[in-house]
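Visitor: Residue numbers (this note's numbering), protein chains in the order written: chain A, 4 to 279; chain B, 4 to 279.
A virtual CB, placed ideally from N, CA and C, is assigned to each residue, including glycine.
2 protein chains.
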Amino acid sequence: MNLVSEAKAHGGTQGVYSMHSAACGTEMTFAVYMPPQAANGPCPVLWYLSGLTCTHQNVMDKGEYRKRAAELGLIIVCPDTSPRGDMVPDDVTNWKFGKGAGFYLDATEAPWNENYRMQTHILAELPAVIEQHFAADLSRQGIFGHSMGGHGALTFALKHPDRFKSCSAFAPIVQPSTADWSVGAFERYLGKDEESWRRHDATRLIEDGARFDAFLVDQGTADSFLDDGLRPWLLEAACAAADIDLTLRMQEGYDHSYNFISTFMDDHLDWHAERL
Amino acid sequence: MNLVSEAKAHGGTQGVYSMHSAACGTEMTFAVYMPPQAANGPCPVLWYLSGLTCTHQNVMDKGEYRKRAAELGLIIVCPDTSPRGDMVPDDVTNWKFGKGAGFYLDATEAPWNENYRMQTHILAELPAVIEQHFAADLSRQGIFGHSMGGHGALTFALKHPDRFKSCSAFAPIVQPSTADWSVGAFERYLGKDEESWRRHDATRLIEDGARFDAFLVDQGTADSFLDDGLRPWLLEAACAAADIDLTLRMQEGYDHSYNFISTFMDDHLDWHAERL
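What follows is the structure in structure tokens.
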């Protein structure tokens with residue numbers, strides 16, 4: 004692990020680090036906020052997965068999570084959203100595919116399957132590095148995210164309900180296998196067999212039997228992606244049919260930006276802390 | 004006034020606007036956060052002046068001021084730090100002079116005196132626009148800032164103690180007329196007559212008789228600019244000699260970044276709210 008930067012913030016330490024990712028075949032950057040309580044022993048880990056076009060930095064700059072995380076004693080880990088580097092194939096004309104748009108899955112189609120393996124990076128590689136280098140209690144992990152990262156959080160929680168004790172999302176893509184802005188990426192990363200897409204789609208995972216105890220989802224009513232890309236009612240229907248406890252809050256007047264996320268950040272941190 | 008963007012945040016509205024500045028001879032951008040209380044009547048106005056290299060955006064992204072401002076009912080206005088545009092003269096090799104480094108004064112030396120008139124922009128032009136377009140109570144104004152913007156806040160408060168009821172600063176440049184990173188700018192903006200520099204220097208203003216009721220200043224001990232650029236002990240001495248109530252807090256381990264500012268933002272907002 005390499006140090007990029009560290010600074011004291013809200014009594015803890017906001018760090019940025021990088022590691023060589025065997026899964027992605029490239030150096031990967033990530034942010035870790037260590038609360039002051041970590042000086043006295045391991046703290047629970049809350050993973051934040053970011054949305055399309057983002058890096059680890061957007062939420063670090065604009066998420067406003069440090070104050071409450073310091074009060075609650077939560078470690079916040081913020082991975083990147085895709086592999087990076089000149090050697091990584093990309094589609095530079097498309098912000099919904101390639102760099103900045105890894106969709107938290109392991110691609111199976113060439114040439115993307117060489118580097119676009121964000122699921123293995125986040126579920127296997129990064130936890131090992133976090134466990135080795137930080138005072139982290141990995142028996143207490145939660146996960147949340149925004150938009151594409153909400154999709155990542157929901158699907159990872161549904162795939163690993165024993166690992167993650169809590170899950171929430173801001174304006175998640177709940178059914179990426181049919182949403183305008185993600186179906187193209189699914190086809191290129193995973194191929195044309197739509198059966199394989201179901202394993203990376205929150206609503207399909209639930210239909211196919213995956214379960215999780217409870218989700219908190221906030222969604223702004225002024226979000227320009229609401230009707231075509233996000234469609235939280237699909238998650239609502241899937242959870243109702245599967246008897247999953249979903250708290251879906253439609254937030255009047257809020258858009259898709261970090262102005263929305265930061266407004267409800269404390270609520271989400273409280274949600275996770277209660278379960279960790 | 005032109006709308007650049009608006010978004011709901013913490014129950015209020017974070018907006019970015021621009022206006023034609025006669026003082027600066029260019030379009031000037033500024034940010035305004037309107038708390039939810041403004042829907043019921045005019046609210047007090049707190050001005051935030053940013054540091055070297057910044058625009059209105061740095062504190063808007065990283066300052067973490069909206070939650071508490073919404074609780075306290077404070078309007079937060081964040082001007083830019085210099086004139087902008089291709090027609091504005093600059094020294095692109097120097098981050099401590101020219102664009103991003105207006106030092107909150109009206110330049111008197113050519114060619115800088117054509118555009119670098121940030122004092123008039125912030126003290127005369129912007130308040131008129133704020134009064135016209137927002138539910139602002141200009142009988143209740145406070146001012147704070149960071150680094151070069153701390154210099155701006157302290158000097159504006161000392162020059163206008165009847166206008167500003169409260170003043171605070173994060174890691175301010177307290178004696179810019181002698182600090183390494185500002186003396187060059189003072190000479191180019193104001194000419195070689197150092198007497199004129201005293202009117203834009205907090206410690207010199209105090210020595211020359213200016214007074215203000217009370218200041219709150221936070222300063223990180225791990226700030227790499229502490230010894231050469233900031234030197235809060237000079238303000239401490241000036242305030243002591245003038246019987247000005249200075250609360251100077253040395254904050255262990257904090258640097259010069261927004262990690263420091265955001266940590267103590269709530270304390271400063273509380274300080275201002277008590278006095279507004």
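Can you give me the Cβ contacts of Pro130/A inside the same chain, cut-off strictly under 7 Å, excluding the 5 residues immediately before and after it?
Guide: Hits under 7 Å: Leu141.
Visitor: Bridge partners for Cys81/A per DSSP, in chain order?
Guide: Bridge partners of Cys81/A: Ala34/A.
Visitor: Count Cβ pairs between the segment 45 to 56 of chain B and the segment 234 to 254 of chain B that sit closer than 8 Å; are there 3 or more?
Guide: In short, these stretches do not touch, since the Cβ pair count stays below three.
Visitor: Please decide whether Asp258/B counts as near chain A, where near means a Cβ-Cβ distance under 8 Å.
Guide: Yes - at least one Cβ of chain A is within 8 Å of the one on Asp258/B.
Visitor: Output needed in chain order: residues of the segment 61 to 86 of chain A with a Cβ under 8 Å from some Cβ in chain B.
Guide: If the cut-off is 8 Å between Cβ atoms, the segment 61 to 86 of chain A has Asp64, Lys65, Glu67, Arg69 and Lys70 near chain B.
Visitor: Going by alpha carbons, who is nearest to Ser185/A out of Asp258/A, Ile209/A, Thr32/A and Gly103/A?
Guide: Closest option to Ser185/A, Cα to Cα, is Gly103/A.
Visitor: Beta carbon of His136/B, beta carbon of Met4/B: below 8 Å?
Guide: Result yes, Cβ atoms of His136/B and Met4/B sit closer than 8 Å.
Visitor: Helix, strand or coil, according to DSSP, for Val220/B in the structure here?
Guide: It is a strand residue.
Visitor: So, at 6 Å on beta carbons, what are the nonlocal neighbours of His154/A in its own chain, with the 5 sequence-adjacent residues on each side left out?
Guide: Closer than 6 Å at the Cβ level, and outside the excluded window around His154/A, lie Pro175, Ile176 and Pro179.
Visitor: How many angstroms separate the CA atom of Val91/A from the CA atom of Asn118/A?
Guide: The alpha-carbon atoms of Val91/A and Asn118/A are separated by roughly 7 Å.
Visitor: If the criterion is Cβ atoms closer than 8 Å, does the pair Phe33/A and Asp109/A meet it?
Guide: Cβ distance not < 8 Å, so Phe33/A and Asp109/A don't count as in contact.
Visitor: Consider the Cβ of Asn262/B: report whether some Cβ of chain A lies at a distance smaller than 8 Å.
Guide: Closer than 8 Å: yes.
Visitor: Does any CB atom of chain A fall closer than 8 Å to the CB of His124/B?
Guide: His124/B does not count as touching chain A.
Visitor: Looking only at its chain, what residues have a beta carbon closer than 6 Å to the beta carbon of Ala10/B, apart from the 5 residues adjacent to it on each side?
Guide: Cβ within range, chain order: Gln17.
Visitor: Strictly below 9 Å CB to CB, what residues from chain B border Ala41/A?
Guide: None at all; the shortest Cβ gap to chain B is about 15 Å.
Visitor: I want to see whether chain A comes within less than 8 Å of Lys11/B, judged by CB atoms only; does it?
Guide: True, the Cβ-Cβ gap to chain A drops below 8 Å.
Visitor: Would you check if the distance between the CB atom of Phe218/B and the CB atom of Leu157/B is smaller than 8 Å?
Guide: Cβ atoms of Phe218/B and Leu157/B: closer than 8 Å.
Visitor: With which residues is Val48/A paired in a DSSP beta bridge?
Guide: For Val48/A, which the question treats as bridged, DSSP gives the partners Ile78/A and Gln144/A.
Visitor: According to DSSP, simplified to helix, strand and coil, what is Asp109/B?
Guide: Of the three classes helix, strand and coil, the one that applies to Asp109/B here is strand, per DSSP.
Visitor: How would you list, in chain order, the residues of chain A whose beta-carbon sits under 7 Å from the beta-carbon of Ser21/B?
Guide: Simply none; closest approach about 19 Å.
Visitor: Which residue marks the beginning of the beta strand (DSSP E) containing Gly194/B, and which one marks its end?
Guide: Careful: Gly194/B lies outside any beta strand (DSSP E) and carries neither H nor E.
Visitor: When DSSP labels each residue in this structure, what does Val7/A get in the three-state scheme?
Guide: Here Val7/A sits in strand by DSSP.
Visitor: Please state if the CB of Ser150/A and the CB of His259/A are separated by a distance shorter than 8 Å.
Guide: Yes.
Visitor: Which two residues bound the contiguous alpha helix (DSSP H) that contains Met63/B?
Guide: First-last of the alpha helix (DSSP H) with Met63/B: Gln60 to Lys65.
Visitor: List the endpoints of the continuous alpha helix (DSSP H) containing Gly18/A.
Guide: Per DSSP, Gly18/A belongs to no alpha helix (DSSP H); it is in the beta strand (DSSP E), Gly15 to Ser24.
Visitor: Could you tell me whether any Cβ in chain A is nearer than 8 Å to the Cβ of Ser142/B?
Guide: Chain A contact via Cβ: absent.
Visitor: Which residues in chain A have a C-beta closer than 7 Å to the C-beta of Val266/B? List them in chain order.
Guide: Just to set this straight, residue 266/B is Thr in the shown sequence, not Val. What Thr266/B touches in chain A: Ala12 and His13.
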